[in-house]
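What follows is one structure encoded as structure tokens, with my remarks underneath.
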Ligand SMILES: [Zn+2]
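Residue numbers (this note's numbering): 2 to 315.
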């Protein structure tokens with residue numbers, strides 16, 4: 002029997018939903034691929050688009066031996082790090098804000114799950130009023146570029162003007178290494194999918210919705226941006242691409258990834274942000290941190306220890 006039909010038929014799905022579980026069978030995998038949290042009066046769904054395998058060759062500041070040791074320490078048995086790709090759906094009052102849009106069809110079979118996860122949750126893309134791109138990389142914007150077009154037809158796009166300027170620059174594209182040139186075309190296509198429904202923001206704190214504001218986290222890209230959600234005394238920082246390979250970069254935060262536009266600045270931003278999250282005991286979310294995708298940091302030697310957010314019962 003189809004698991005989804007079974008759950009719906011017995012009313013278990015709605016019962017579990019009331020408990021905060023998002024039971025999302027995805028294809029034959031039958032995996033729970035989303036988690037729901039209350040942050041004050043707001044609701045945050047962490048939506049999994051799948052994962053991307055990352056090897057030590059993409060990283061700088063870590064040897065293959067150190068990489069293997071840290072994966073082993075994290076009980077990861079593959080030779081590459083399975084880095085999650087998450088999007089976040091934030092519901093505040095009658096506002097529905099989607100933070101990033103997954104990879105779409107551009108990155109192969111381990112990714113591209115976001116549309117089926119949203120559909121299993123009953124979220125119609127046409128009901129999203131705002132899409133925020135934390136930055137204009139393919140794993141965050143690919144879901145708006147498909148042969149069928151951008152599914153977020155009623156959404157206004159919010160994105161840093163610094164990233165728009167960078168990724169639409171023909172001059173910078175011409176100077177970029179060949180393997181990065183297509184990323185500029187993709188960014189232009191994603192922006193084009195929103196037509197004139199684009200409202201850029203600068204590096205200063207900008208309100209996206211009541212209690213949801215931007216936090217500039219430059220380095221990974223020039224306009225890389227996190228989102229601070231504050232509601233009824235609860236706080237969550239969605240820190241986007243603050244880490245890409247958590248099993249490595251939490252222990253060794255100076256390790257940088259080849260996709261960083263400015264690796265030094267990305268390092269500084271990572272350490273500054275993670276120090277703040279640890280000191281202020283904030284809840285943090287990450288685009289590349291495995292479900293539940295939200296949790297807490299404590300400083301631990303030269304690095305940090307991650308404690309996943311506890312499941313919210315009732
Ligand atoms: Zn990313």
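All C-beta atoms, glycine included, are put in the ideal place defined by N, C-alpha and C.
Residue interval of the alpha helix (DSSP H) (run including residue i)
i: residue 271; result: 264 to 280
i: residue 247; result: 247 to 250
i: residue 39; result: Per DSSP, residue 39 belongs to no alpha helix (DSSP H); it is in the beta strand (DSSP E), 35 to 40.
i: residue 180; result: 179 to 193
Enclosing beta strand (DSSP E) for residue i [first to last residue]
i: residue 44; result: 43 to 55
i: residue 118; result: Element bounds for residue 118: not the beta strand (DSSP E) but the alpha helix (DSSP H), 115 to 122.
i: residue 216; result: 213 to 217
i: residue 309; result: 304 to 309
i: residue 297; result: 295 to 301
i: residue 254; result: Neither: residue 254 is in no beta strand (DSSP E) and is coded neither H nor E.
i: residue 236; result: 235 to 239
i: residue 206; result: Here residue 206 belongs to no beta strand (DSSP E), and DSSP marks it neither H nor E.
i: residue 226; result: 226 to 232
i: residue 286; result: 284 to 286
Within 8 Å, strictly: CB atoms of residue i and residue j
i: residue 89; j: residue 101; result: yes
i: residue 247; j: residue 94; result: no
i: residue 244; j: residue 271; result: yes
i: residue 199; j: residue 133; result: no
i: residue 44; j: residue 92; result: yes
i: residue 136; j: residue 222; result: yes
i: residue 237; j: residue 286; result: yes
i: residue 1; j: residue 104; result: The displayed coordinates of the chain run from 2 to 315. Any statement about residue 1 would go beyond what the structure contains.
i: residue 99; j: residue 53; result: no
i: residue 267; j: residue 276; result: no
i: residue 128; j: residue 97; result: yes
i: residue 241; j: residue 288; result: yes
i: residue 235; j: residue 41; result: yes
i: residue 203; j: residue 162; result: yes
i: residue 313; j: residue 38; result: yes
i: residue 274; j: residue 218; result: yes
i: residue 55; j: residue 82; result: yes
Closest Cα partner of residue i within the set the options
i: residue 106; options: 50, 97, 158, 64; result: 50
i: residue 300; options: 114, 292, 280, 242; result: 280
i: residue 115; options: 306, 36, 70; result: 36
i: residue 259; options: 41, 47, 61; result: 61
i: residue 231; options: 290, 127, 283; result: 283
i: residue 205; options: 216, 40, 54, 192; result: 216
i: residue 160; options: 287, 189, 104, 180; result: 189
i: residue 293; options: 269, 239, 253, 276; result: 239
i: residue 150; options: 172, 202, 191, 121; result: 191
i: residue 155; options: 175, 64, 195; result: 195
i: residue 360; options: 167, 108, 266; result: Because the chain in this structure spans residues 2 to 315, residue 360 falls outside the shown range and cannot be described.
i: residue 257; options: 41, 63, 40; result: 63
i: residue 122; options: 47, 203, 314, 183; result: 47
i: residue 86; options: 307, 228, 291; result: 291
i: residue 108; options: 119, 142, 126; result: 142
i: residue 34; options: 126, 119, 176; result: 119
i: residue 164; options: 273, 226, 252, 255; result: 226
i: residue 68; options: 252, 311, 314, 124; result: 252
i: residue 302; options: 309, 278, 254; result: 254
i: residue 152; options: 278, 131, 229; result: 131
i: residue 304; options: 71, 55, 56; result: 71
i: residue 263; options: 224, 233, 278, 66; result: 224
i: residue 207; options: 65, 83, 229; result: 229
i: residue 147; options: 179, 187, 176, 125; result: 187
i: residue 181; options: 110, 197, 138, 309; result: 138
Contact test: residue i Cβ vs ligand 3 heavy atom, cutoff 7 Å
i: residue 288; result: Among the ligands in the structure shown, ligand 3 does not appear; only ligand 1 can be found there.
Interface flag, residue i vs chain D, CB-CB below 8 Å
i: residue 195; result: As a matter of chain content, chain D is missing from the structure shown, which is built from one protein chain.
*Whole beta strand (DSSP E) elements within the region 52 to 119, 3-residue minimum*: Taking 3 residues as the shortest admissible run, the region 52 to 119 contains the following complete beta strand (DSSP E) segments, listed from N- to C-terminal end: 82 to 93, 96 to 100.
*Can you check the region 115 to 179 for any beta strand (DSSP E) of at least 3 residues that lies completely inside it and give the ranges in chain order?*
The qualifying runs are 131 to 133, 157 to 161.
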